[in-house]
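Protein chains in written order, with our numbering: chain A, 2 to 116; chain B, 614 to 727.
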């Protein structure tokens, strides 16, 4: 079955420190992987994606993610966290088995950046 | 650039009533989606549409109906609302023909069923 997992409900990090939000996936074929961010009372916003090409993908607001095929992971990273990065982060993967462009979302990881 | 809009933003209704949530996008994206967001469940797909007049079920379709007669609109109807349908509903769109694939989300509709 196609699936995506975010093993941490919450991640706390001090401002200025590097942050990592973890995501692992299980899909058939080559994965289409995405990260989204949700601020309170808002819809999700697209951050970055991996479809093909370089394993290190750069996105909005200084975020990047590394696609690791052998570990089936797509962790979100930022070298220096800001208090304003505090939000809910979702990893998503295309449901390859369906043959359509619908997606499966993880349960989300709440990031808290402490001043 | 209006993007993707949802209405109403907030709705309180009673058990058994029919409710329609509206979604409109201005980009002419081919795909549109309806999700519900509940604590502990993340986002769950209710229905999606690959194009006008093409719709299909997602993970949790029971109790919901959709239609897509025009590319830009994708209304979601709760035929007889139940308390378990209290949730935040998000509409999204994406364009796959140009290789974008990422989804653009509306601001959400908070629905309470009493």
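No residue lacks a Cβ here, since even glycine has one placed at the ideal position from N, Cα and C.
Residue pairing by DSSP places residue 620 of chain B opposite B/635 in a beta bridge. Under the 8 Å criterion on CB atoms, residue 45 of chain A is classed as interfacial with respect to chain B.
Inclusion of residue 692 of chain B and residue 631 of chain B in the CB contact set at 8 Å is warranted, their separation being smaller than that value. Under the Cβ distance rule, residue 106 of chain A counts among the residues neighbouring chain B, one pair being separated by less than 8 Å. Taking all protein chains in view, the Cβ of residue 100 of chain A is surrounded by fewer than 16 other Cβ atoms within 10 Å, so the residue is classified as exposed. Distance from residue 73 of chain A to residue 12 of chain A at the Cβ level is roughly 20 Å; contact not present, criterion being Cβ atoms closer than 8 Å. The alpha-carbon of residue 715 of chain B is positioned some 13 Å away from that of residue 640 of chain B. With a contact defined as Cβ atoms closer than 8 Å, residue 115 of chain A and residue 86 of chain A miss out at about 11 Å. Measuring C-alpha to C-alpha distances from residue 14 of chain A to each of A/80, A/5 and A/37 identifies A/80 as the nearest. Beta-bridge pairing by DSSP links residue 651 of chain B to B/655. The alpha-carbon separation between residue 651 of chain B and residue 658 of chain B amounts to approximately 12 Å. The continuous beta strand (DSSP E) containing residue 669 of chain B extends over residues 667-670.
Within the DSSP secondary-structure output, residue 39 of chain A pairs in a beta bridge with A/45 and A/89.
Identification of residues in the segment 695-720 of chain B having a C-beta nearer than 8 Å to some C-beta of chain A yields 703, 705, 707, 709, 712, 714, 715, 716, 717, 718, 719 and 720, given in sequence order. For residue 6 of chain A, the enclosing beta strand (DSSP E) covers residues 4-6.
Counting C-beta atoms within 10 angstroms of its own C-beta, residue 50 of chain A has 16 or more neighbours from the protein chains shown and is therefore classed as buried.
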